[in-house]
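Heads up: the structure comes next, in structure tokens.
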Amino acid sequence: MIADYQNAPILLAGGRVIDPANGRDGVFDLLIANGEIKAIDRNIPAETLADGARVIPADGMVVSPGFIDIHAHLREPGYEYKETIATGAAAAARGGFTTICAMPNTDPAIDNAAVVDYVTSRAATVPARVRVIGCVTKQRAGRELADMEELLTAGVVAFSDDGDPVYDAGLMRLALTYSRDLGVPISNHCEDHELCPCGVMAEGWVSSRLGLAGIPAVAEEAMVARDISLAELTGGRLHLAHLSSAGSVALVRQAKERGIAVTAEVCPHHLLLTDAWALGGKGDPNVAAGPMAYDTYTKVYPPLRTDADVAACVAGLADGTIDCVATDHAPHELVSKECTYHDAAFGISVLETALGTLMSAVHNGNVSLPTMIERLTTGPAGVLGNGLSQYAALTPGTPADLTLFDPNAAWTVDVNQFASMGRNTPLNGVELRGRVAATMVAGRVVFEEPALLNKGDVA
431 MIADYQNAPI
441 LLAGGRVIDP
451 ANGRDGVFDL
461 LIANGEIKAI
471 DRNIPAETLA
481 DGARVIPADG
491 MVVSPGFIDI
501 HAHLREPGYE
511 YKETIATGAA
521 AAARGGFTTI
531 CAMPNTDPAI
541 DNAAVVDYVT
551 SRAATVPARV
561 RVIGCVTKQR
571 AGRELADMEE
581 LLTAGVVAFS
591 DDGDPVYDAG
601 LMRLALTYSR
611 DLGVPISNHC
621 EDHELCPCGV
631 MAEGWVSSRL
641 GLAGIPAVAE
651 EAMVARDISL
661 AELTGGRLHL
671 AHLSSAGSVA
681 LVRQAKERGI
691 AVTAEVCPHH
701 LLLTDAWALG
711 GKGDPNVAAG
721 PMAYDTYTKV
731 YPPLRTDADV
741 AACVAGLADG
751 TIDCVATDHA
761 PHELVSKECT
771 YHDAAFGISV
781 LETALGTLMS
791 AVHNGNVSLP
801 TMIERLTTGP
811 AGVLGNGLSQ
821 YAALTPGTPA
831 DLTLFDPNAA
841 WTVDVNQFAS
851 MGRNTPLNGV
861 ELRGRVAATM
871 VAGRVVFEEP
881 ALLNKGDVA
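Structure (structure tokens):
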């Protein structure tokens, strides 16, 4: 049992250690004791370990810093029928994420210190580190800035009105000015509703075939362009959430070339899935709209777009235009998805399928494995700062937050096995390659997959 080993030293033997922060990529042994990484060496003899130490053979597996997700909807307070902090953290552990950031579109919204304290207290005993993102505006209403300094003092690591953008350009300018002085990013959900007031999926041939109102890529790109201009004007710290279009990636690339302080994220589903998945054929564009069409589990914001958009997002992640992967984990209860496409909620449950989805880009040669791990560790840590770098590296003397995974393990997604309360994913029944074997937080095994992980010998 996991509990038998919680206080014992653990030796991960013979795994491929990929640690972008320290420039390490090779086969090593890694020793964990007292919640910290104690040693990394080519050969740590098992006989030198203290009595009761656990030895886990890791040959054929990858050992990396624990994944960091800077964009997850944990739904608490207010929407505990969709997810709780505890179930979201359990899903994170199953997905290899050791640190997750809770978005503030809750009820009440996270726009004051009291709600920050509530979320922090609820997260005290869950199997992942939970950081809090505070609102940009009071009640996320877009009319008046929240007390950003109060929120920062309470412990938030970023500000966002995610679920909605900050529409008012003057207010966004002011928020970015404060972000410059506070040293904390503004993460904006880029969407101009006036360009897609009734849109439910990407505008294109699939939306036309299905007779659904479309969301044009320019709805995202227009606000990306606006925010980049405001970041240049103010010198503020702009972070662009869930990029999904080729045009957005191009705008960010140009902004970085001009030296503007902008960072960006992309979600796993925008690196693999296209709007053709709404036809019901698991992405096959040759499938006619039949009885499996209008798959509401594909309804997400930003919407799934074209093959060209997916390719641009993958390329942007590979070349560093996009700084990190973030899940935008958005769990929903069944009734929010088992309805018409128009009425269905936006969002996909992502934490437990993220690695397998991302590994598709690795296996097809578009992103190297070390680069992908960097975008899951030092990338997101660098976006936020706030002391997260110690959790994004495998350095002796630092907390032992790490992920052990088999990059080649094939498995079939089964939502009935999810720890998350949200079973809303279009990937149910799909085979993925790449699976988490174990997740550790502060040296404590918070998840292990018996099918992959040898229980190990006791020294």
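Residue numbers for the sequence shown, in this note's numbering: 431 to 889. Ideal Cβ placement from N, Cα and C applies to all residues, glycine included. Owing to the predicted nature of the structure, the values given are computational and were not obtained by experimental measurement.
Counting along the chain, the unbroken beta strand (DSSP E) around residue 501 starts and ends at 497-502. When DSSP states are grouped into helix, strand and coil, residue 656 belongs to the helix group. Between the stretch 808-817 and the stretch 477-487, the count of Cβ pairs shorter than 8 Å is below three; the stretches do not touch.
When only Cα atoms are considered, residue 497 and residue 693 end up about 18 Å apart. Non-local beta-carbon contacts of residue 505 in its own chain, meaning distances under 6 Å to residues more than five positions away in sequence, involve 512, 513 in chain order.
Beta-bridge partners assigned by DSSP to residue 467: 462. Taking all protein chains shown into account, residue 846 has fewer than 16 neighbouring C-beta atoms within 10 Å of its C-beta and is therefore exposed. Contact annotation, residue 553 with residue 580: C-beta distance approximately 20 Å; criterion of less than 8 Å not satisfied. If only complete runs of 3 or more residues are kept, the stretch 780-859 shows the beta strand (DSSP E) at 832-842, in order along the chain. Distance from residue 698 to residue 755 at the Cβ level is roughly 7 Å; contact confirmed, criterion being Cβ atoms closer than 8 Å. Here the C-alpha atom of residue 606 lies approximately 27 Å from the C-alpha atom of residue 742. For residue 670, the enclosing beta strand (DSSP E) has its first and last residue at 668-670. From the listed residues 801, 767, 786, 706, the smallest Cα separation to residue 746 is found for 801. Excluding five sequence positions before and after residue 797, the CB atoms of its chain that fall closer than 7 Å to its own CB belong to 744, 747, 748, 791, given in chain order. Contact check for residue 727 and residue 686: beta-carbon distance about 34 Å, past the 8 Å limit, so the pair fails to qualify.
Under a 10 Å Cβ-count criterion, residue 663 is classified as exposed, with fewer than 16 other Cβ atoms of the shown protein chains found around its own Cβ. Sequence-distant partners of residue 859 (beyond 5 residues in either direction) whose C-beta falls short of 7 Å from its own C-beta, in its chain, are 842, 843. Residue pairing for residue 588: DSSP places it in a beta bridge opposite 563. Here the C-alpha atom of residue 532 lies approximately 10 Å from the C-alpha atom of residue 546. Scanning its chain for C-beta atoms nearer than 6 Å, with the 5 sequence neighbours on each side dropped, one finds around residue 731 the residues 776, in chain order.
In the DSSP assignment, residue 749 falls within the unbroken alpha helix (DSSP H) covering 737-749. Apart from the 5 residues on each side of it in sequence, residue 604 sits with its Cβ closer than 8 Å to the Cβ of 575 in its chain, given in chain order. Three or more pairs of CB atoms, one per stretch, sit closer than 8 Å, so the stretch 620-630 contacts the stretch 640-650. Here residue 453 is not near residue 872, since their CB atoms are 8 Å or more apart. In the DSSP assignment, residue 617 falls within the unbroken beta strand (DSSP E) covering 616-618. Rounded to whole angstroms, the Cβ separation of residue 573 and residue 534 is 16 Å, and the two are not in contact under 8 Å. From the listed residues 450, 518, 528, the smallest Cα separation to residue 868 is found for 528. In the DSSP assignment, residue 870 falls within the unbroken beta strand (DSSP E) covering 861-871. A residue is called buried once 16 or more other Cβ atoms fall within 10 Å of its Cβ, and residue 587 is buried on that count. In the assembly as shown, residue 772 is an exposed residue. Its beta-carbon has fewer than 16 other beta-carbons within 10 Å. Assignment of beta-bridge partners to residue 722 by DSSP yields no partner. Along the stretch 477-535, the beta strand (DSSP E) occurs as fully enclosed runs of 3 or more residues at 484-487, 492-495, 497-502, 527-532, listed in sequence order. Residues of the same chain with a CB within less than 8 Å of the CB of residue 565, apart from the 5 flanking positions on each side, are 534, 539, 540, 541, 576, 581, 589, 590, 591 in chain order. Residue 449 holds the alpha-carbon nearest to the alpha-carbon of residue 470 among 449, 490, 684, 610. The DSSP-derived three-state label of residue 438 is coil. Between the stretch 852-866 and the stretch 823-842, the count of C-beta pairs closer than 8 Å reaches three or more; the two stretches touch.
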